[in-house]
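*Asks:* The listed protein sequences correspond, in order, to chains E and Y.
Note that our numbering has the first sequence beginning at 396, numbered continuously upward.
Note that our numbering has the second sequence beginning at 12, numbered continuously upward.
Glycine residues also receive a C-beta, built at the ideal position from the N, C-alpha and C atoms.
Fair warning: this is a prediction, and the values are worked out from it, not measured in the lab.
Questions regarding the structure given below will be posed in turn.
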Amino acid sequence: DAKTTQPTSMDCAEGRAANLPCNHSTISGNEYVYWYRQIHSQGPQYIIHGLKNNETNEMASLIITEDRKSSTLILPHATLRDTAVYYCIVRVSTGGTSYGKLTFGQGTILTVHP
Amino acid sequence: EPEVTQTPSHQVTQMGQEVILRCVPISNHLYFYWYRQILGQKVEFLVSFYNNEISEKSEIFDDQFSVERPDGSNFTLKIRSTKLEDSAMYFCASRGLNQPQHFGDGTRLSIL
């Protein structure tokens, strides 16, 4: 799976959009970008994933650059409860012989302040 | 919304004892996983399980570890003879076909 690079930490004001970047310059054509977050003492929580098109769900939006070498997770209106470690993970499709293990890095510590 | 449940939330065990961590994956999911997270460190993959057999395992998952799906609903991780360095949060995850993994809230294992 391709390596990802994320900033160690970021701050965001409550109510504002949080934009979390991720670089994955060695991503290959069959690799998806996944985002998870981990709120203190809880298990990782799935947020969103995408291959090349931008994606949106009830939690967030995922913007993937045209060359797929980087992406941004957007939390449109951050709340205090969004304070967490956010992980960007690149991995191959779950089809074929891949059984889908996730390789976590250190992630970005997002702190949302009042 | 269906969720992965893990029991117990906290397990304290003497070094050298056997411990079994239990997980109930989301119903109808086909793929099952265990991860661990030592305090202050990254989440690490241990093992994946599909079709009643291990499909992939990491270097951490040595002969002291085993997994089992004893019935249609439970998925267990057993550590035969625990060591101090086994102290960690252990997370179970499951997913359906072509779906993302969903994690439980973990079991905190403390080895004394």
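1. Pairs of beta-carbons, one from the stretch 14-23 of chain Y and one from the stretch 66-81 of chain Y, closer than 8 Å: are there three or more?
2. Give the residues of chain E in contact with Y:Gly83, contact being defined as C-beta atoms less than 8 Å apart.
3. So who's on the other strand from E:Ile443, going by DSSP bridges?
4. Could you tell me which whole beta strand (DSSP E) segments of length 3 or greater appear in the stretch 30-62 of chain Y?
5. Tell me whether the beta-carbon of Y:Glu67 lies closer than 8 Å to the beta-carbon of E:Lys496.
6. Between E:Ile459 and E:Val428, how many whole angstroms is the CB-CB distance? I'm expecting something under 8 Å.
7. Cβ atoms of E:Pro509 and E:Leu475: under 8 Å apart, would you say?
8. Against E:Leu497, what residues of chain Y qualify as contacts under a CB-to-CB distance less than 7 Å, listed in chain order?
9. In whole angstroms, give me the CA-to-CA distance for E:Leu446 and Y:Asn109.
10. Where does E:Asp477 fall in DSSP's three states?
11. What residue range is occupied by the uninterrupted beta strand (DSSP E) comprising Y:Arg106?
12. For chain E, is any of its Cβ atoms less than 8 Å away from the one on Y:Gly51?
13. From the DSSP secondary-structure annotation, give me the bridge partner or partners of Y:Pro19.
14. Does the distance from the CB of Y:Gly117 to the CB of Y:Phe102 come in under 8 Å?
15. So with CB distances below 7 Å, who are the chain E contacts of Y:Arg106?
16. Identify the residues that DSSP records as bridge partners of Y:Phe114: which are they?
17. Tell me which same chain residues have a C-beta within less than 7 Å of the C-beta of Y:Gly27, skipping the five on either side of it?
18. Helix or strand or just coil, what does DSSP make of E:Glu450?
*Replies:* Well, looking at it:
1. no
2. None at all; the shortest Cβ gap to chain E is about 20 Å.
3. E:Trp430.
4. 30-35, 42-48, 54-61
5. For the pair Y:Glu67 and E:Lys496, the CB atoms are nearer than the 8 Å cut-off.
6. 6 Å
7. A distance below 8 Å separates the beta carbons of E:Leu475 and E:Pro509.
8. Phe56, Gln112
9. 13 Å
10. helix
11. 99-106
12. no
13. DSSP lists no partner for Y:Pro19.
14. yes
15. Gly495
16. Partner(s): Y:Ala104.
17. Ser92, Thr93
18. strand
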